[in-house]
Amino acid sequence: MEFQKVLETRRSVRKYDPNVSVTREQMEELIRAAQEAPSWKNSQTGRYYCVLSEEIADKIRETCLPGARNAEKSEHAALIVTTFVHNRAGFQTDGTPDNELGNGWGCYDLGLQNANLILKATDLGLSTLIMGLREADKLREILSIPETETIAAVIAVGKAAEEPTRKPRKSLGEIAKFF
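Mapping to our numbering: the sequence shown position 95 is 106, numbers consecutive.
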């Protein structure tokens, strides 16, 4: 798919086709795309916990996605829990932060990686929903995520069962200043 078309057609989808499952091969393609993103000093601290098992995905929806909203919106989708190894990106080898952002760089790098991942999903004909409302401690327990990683998001991945419309974008004058 042409890159501009990928950018313009990617949507947050909240209803997935129960008859189409994401394959391990597709998930691997998404992670490989994520790996192509730049990272602080090539630290590559992003980590991905890919849940293809319907049983584990249902358990995560029931116990880790509060308020049932995200649980319902991600039904019939595979899940990816994204994390980053903290105290590495944005830090010297002795553990001293390189600037005032500290672990903000790990989060920044993971955001770049996640952007690649969701755009690749669109390229593959899949849809995504990034969910920040999640129970990190419960996810950590279910997926054996080490304490050395910061849990950022849960991303639903699947075949869309709806076609959300494109929301209007702000004008460049509202968001950019040129000097």
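The beta carbon of each residue, even a glycine, is placed where N, CA and C say it ideally should be.
Sequence ranges, alpha helix (DSSP H) only - wholly within the segment 100-152, length at least 4: 115-134
Nearest neighbour of GLU83, chosen from ILE162, ARG177 and VAL24 [CA to CA]: VAL24
Best match in GLY113, ASP109, GLU86 and ALA171 for proximity to ALA132 [C-alpha to C-alpha]: ALA171
Pair within 8 Å by beta-carbon distance, ILE129 and ARG21: yes
Alpha helix (DSSP H) segment containing ILE186, residue limits: Where ILE186 is concerned, the enclosing alpha helix (DSSP H) stretches over 183-186.
Selected residue, minimal CA-CA separation from ILE67, among TYR59, ALA89, ASN81 and LYS52: ALA89
Among ALA164, ASN114 and SER138, the one whose alpha carbon lies nearest that of GLN103: For the residues ALA164, ASN114 and SER138, the minimum Cα distance to GLN103 belongs to ASN114.
Beta strand (DSSP E) segment containing VAL17, residue limits: Not the beta strand (DSSP E): VAL17 falls in the alpha helix (DSSP H), residues 14-20.
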